[in-house]
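I have placed the structure first, in the form of structure tokens, so that the comments after it can refer back to it.
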Amino acid sequence: MPDDDRQRSHWAWGWAHKLPDENARRLLAAQVSALLGVPPGGFAPREAVPLAAARIAPSRAAPPPALAAFTTADDETRARRTYGRAWRDQWRGFHGDFAAAPDLVARPRDEREVEGVLEWAAASGAWVVPWGGGTSVVGGVEAVGGRERAPAVVALDLGALEQVLEVDTVSRAARIQAGALGPALERQLAAHGLTLRFFPQSFEHSTLGGWIATRAGGHYATGPTHIDDLVEAVRLVTPTGVWQSRRLPASGAGPSPDRLALGSEGAFGVITEAWVRVVPRPRWRASASVRFAELAAAVDAARAIAQSGLWPANCRLLDAREATINMVAQNACVLVLGFESADHALEPWMERALAIARGAGGEHAPPQYRDEGGRAGGGEAGRWREAFLAGPYLQPALLSLGIIADTFETACTWDRFESLYRDVTGAVREAARRLCGAGEISCRFTHVYSDGPAPYFTFIAPARAGEEERQWAELKRAASDAVIAAGGTITHHHAVGRTHEPWWRKERPEPFYRALAAAKAAIDPKGIMNPGVLGLTGGDAAR
Ligand SMILES: Cc1cc2nc3c(=O)[nH]c(=O)nc-3n(C[C@H](O)[C@H](O)[C@H](O)COP(=O)(O)OP(=O)(O)OC[C@H]3O[C@@H](n4cnc5c(N)ncnc54)[C@H](O)[C@@H]3O)c2cc1C
């Protein structure tokens with residue numbers, strides 16, 4: 001088992017030692033009581049079932065001799081490769097429920113061993129679930145139905161493939177193995193003065209292959225927002241051969257092989273490496289935050305900046321509740337702006353963006369400028385960054401108090417935002433109050449485009465003991481129904497997986513889906529690759 005495994009929580013996001021302790025959780029309970037207007041003392045911290053006492057489904061398979069050197073049926077290793085990090089995943093892990101554990105975990109050391117796993121699976125009918133960092137929040141790594149429908153399920157952990165293999169400093173691209181976690185690939189690129197500059201909130205525990213497989217969103221708020229924009233070429237081991245696209249800055253040669261690999265969620269094969277576009281590490285940074293009394297004015301400012309051609313690296317709009325909960329500002333909307341460059345000082349860009357924001361009615365303190373790698377921040381922008389990094393540890397802390405807290409995200413055109421915001425927040429607040437007796441929801445923009453924002457919602461509600469999973473599912477349904485009805489997408493960057501498939505079905509064109517299912521059948525005729533994600537089940541999927 002890799003060393004990092006022992007330091008990671010077996011059920012919650014991130015490092016075990018970073019989970020808030022009992023005192024911190026009691027404080028959190030008091031804050032949530034005040035926020036939700038429920039009596040203090042109702043939320044008592046409980047402890048997770050330790051892994052040694054957890055119920056881990058027994059393995060049904062011994063490592064096949066050809067794979068034995070890098071495959072294990074060890075209980076703890078399997079339990080740690082059972083779920084992603086959605087609320088429901090953490091809930092089951094907290095209660096020691098690992099009924100969906102895979103039978104085997106394979107950790108290939110090279111591409112030939114990846115091929116070996118696929119050959120064995122094709123011959124035996126076993127299911128293969130590619131495993132990057134296991135941070136999926138859409139059921140992407142849980143082999144639902146595998147115990148009933150396949151003789152074995154193997155989690156294929158890419159973690160041993162974590163090298164930056166080549167750096168092309170002329171074209172500014174790097175060939176990187178798919179299992180590299182964010183910090184590992186950045187460390188290796190830093191030796192060349194370069195960065196992928198792709199920072200999803202899950203950066204520390206997610207992988208390049210996972211980002212490509214899910215079309216992840218990093219934290220450039222404009223410009224190259226998705227990993228799609230950074231992928232130059234991709235290499236995928238499929239059950240029917242290797243899929244290697246050519247390194248090109250762009251190509252108009254028909255539908256793009258990279259585009260089909262992007263977002264394939266392990267259903268077509270295993271991404272083993274990719275050429276990605278890298279940039280010099282930024283030298284100049286500028287940051288500022290602008291307050292608005294009204295959301296509509298703040299949205300106008302964000303839209304005008306998104307349409308200005310300034311392309312800020314950061315352009316996050318927090319509604320008043322989001323700013324208050326994160327202790328960024330009290331009862332005001334806040335637009336956090338950031339620019340960065342390795343090439344030039346940024347005053348003109350920042351000054352122009354602030355002029356646009358003032359024109360929409362915003363007020364701000366002087367912007368901060370840093371060079372030579374110093375981090376712009378402090379003030380509201382700095383407080384926002386700290387809240388953003390600590391955020392993922394709050395969800396499991398709240399879960400341990402019997403509080404449901406979760407996030408969902410979408411994108412819509414600017415003309416629809418006002419009604420989407422009203423309808424979605426209204427539907428979730430109503431569902432939370434009906435189901436749980438209280439509830440709150442807040443919103444921020446994670447990304448902005450010239451034609452629309454990507455709103456990201458956080459909701460919180462006190463669960464009723466014994467009904468938590470059902471309540472979470474109903475809240476998720478209320479949110480997803482409202483997003484689709486309001487003209488948004490079911491996901492801007494969290495992917496489809498298994499959880500979002502019923503709503504993705506409502507937005508995808510049917511002929512397109514038939515083509516996708518036919519592609520799956522051609523590439524993976526025995527249906528061994530992560531069956532169920534994207535609603536694709538293999539040879540029988542063309543429906
Ligand atoms: C706290 C938190 C914050 C998050 N923040 C963001 C965010 O800011 N932006 C964002 O986009 N997402 C975010 N996510 C979601 C998640 O981190 C992303 O979907 C991420 O891209 C998953 O990467 P991973 O390496 O963990 O993949 P996994 O969770 O291991 O896998 C995800 C899917 O990709 C497939 N897969 C993984 N590796 C490969 C491979 N090499 N070849 C083929 N298929 C593969 C899996 O089978 C699965 O279907 C967040 C999640 C959490 C828990």
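Each residue of the sequence shown is one higher than the one before, counting from 1 in the working numbering.
Quick reminder that beta carbons are idealized off the backbone N, C-alpha and C, glycines included.
Predicted model, so just to flag it, every value in this text is computed and none were measured.
If you reduce the DSSP assignment to three classes, tell me which class residue i lands in.
i: Ile528; result: coil
i: Asp103; result: coil
i: Ile403; result: strand
i: Ala174; result: strand
i: His226; result: strand
i: Arg281; result: coil
i: Leu248; result: coil
i: Asp415; result: helix
i: Gln163; result: coil
i: His492; result: coil
i: Gly445; result: At residue 445 the sequence reads Phe, which differs from the Gly that was named. Reduced to three states, the DSSP call for Phe445 is strand.
i: Ala236; result: According to the sequence as given, residue 236 is Leu; it is not Ala. It is a strand residue.
i: Pro396; result: helix
i: His344; result: coil
i: Gly391; result: helix
i: Asp97; result: strand
i: Val137; result: coil
i: Val270; result: strand
i: Ala205; result: Looking at the sequence itself, residue 205 is His, so the reference to Ala does not match. Note: His205 maps to helix in three-state DSSP.
i: Gly146; result: helix
i: Leu181; result: strand
i: Thr71; result: strand
i: Leu194; result: strand
i: Arg80; result: coil
i: Arg303; result: helix
i: Arg215; result: coil
i: Asp168; result: strand
i: Leu536; result: coil
i: Glu363; result: strand
i: Arg321; result: helix
Cβ atoms of residue j and residue i: under 9 Å apart, would you say?
i: Leu536; j: Ala298; result: no
i: Leu248; j: Val242; result: no
i: Val290; j: Val128; result: no
i: Gln90; j: Trp13; result: yes
i: Gly42; j: Gly532; result: no
i: Ala245; j: Pro257; result: Looking at the sequence itself, residue 245 is Ser, so the reference to Ala does not match. Yes, the pair counts as a contact, with Cβ atoms nearer than the cut-off.
i: Ala381; j: Val424; result: no
i: Asn530; j: Ala143; result: yes
i: Glu351; j: Pro367; result: yes
i: Leu161; j: Thr77; result: no
i: Ala302; j: Phe445; result: yes
i: Thr544; j: Ala313; result: With the chain covering only 1 through 543, there is no way to say anything about residue 544.
i: Val137; j: Gly466; result: no
i: Pro455; j: Phe512; result: no
i: Arg281; j: Ala342; result: yes
So what does residue i bridge to, in DSSP terms?
i: Asn314; result: Gly338
i: Leu156; result: Ala106 and Pro130
i: Ser289; result: Val336
i: Trp15; result: Arg8
i: Val276; result: Ala174 and Val231
i: Arg370; result: Arg285
i: Phe457; result: Phe408 and Cys443
i: Trp243; result: Leu236
i: Pro462; result: Ile403
i: Gly452; result: Tyr449
i: Arg563; result: The structure shown does not extend to residue 563, since the chain is modelled only from 1 to 543, so the question has no answer here.
Starting from the C-beta of residue i, find all residues in its chain whose C-beta is less than 8 Å away, skip the five residues before and the five after it, and write them out in chain order.
i: Leu28; result: Pro20, Leu394, Ala397, Leu398 and Leu401
i: Leu36; result: Ala438, Gly439, Glu440, Ile460, Ala461 and Pro462
i: Lys18; result: Tyr393
Take residue i and list the residues in its own chain whose beta-carbon comes closer than 6 Å to its own, dropping the five residues that flank it on each side.
i: Leu435; result: Gln471 and Glu474
i: Ala482; result: Asp423, Val424 and Ala427
i: Asp75; result: Ile56
i: Leu346; result: Trp284, Ala286 and Phe339
i: Asp300; result: Ala360
Return the chain-ordered list of same chain residues with a C-beta closer than 7 Å to the C-beta of residue i, the five sequence neighbours on each side being excluded.
i: Pro2; result: Gly159
i: Phe550; result: Because the chain is modelled from 1 through 543, residue 550 falls outside the range shown and cannot be assessed.
i: Ala16; result: Gln7, Arg8 and Ser9
i: Asp228; result: Arg215 and Leu262
Three Cβ pairs or more, each shorter than 8 Å: is that satisfied between the region 146-161 and the region 70-81? yes
For the pair the region 109-128 and the region 78-93, tell me if three or more CB-CB distances fall below 8 Å. no
Flag this pair as touching only if the region 172-191 and the region 201-220 have three or more C-beta atom pairs under 8 Å; answer yes or no. yes
Would you call the region 60-67 and the region 483-495 touching, i.e. three or more CB-CB distances under 8 Å? no
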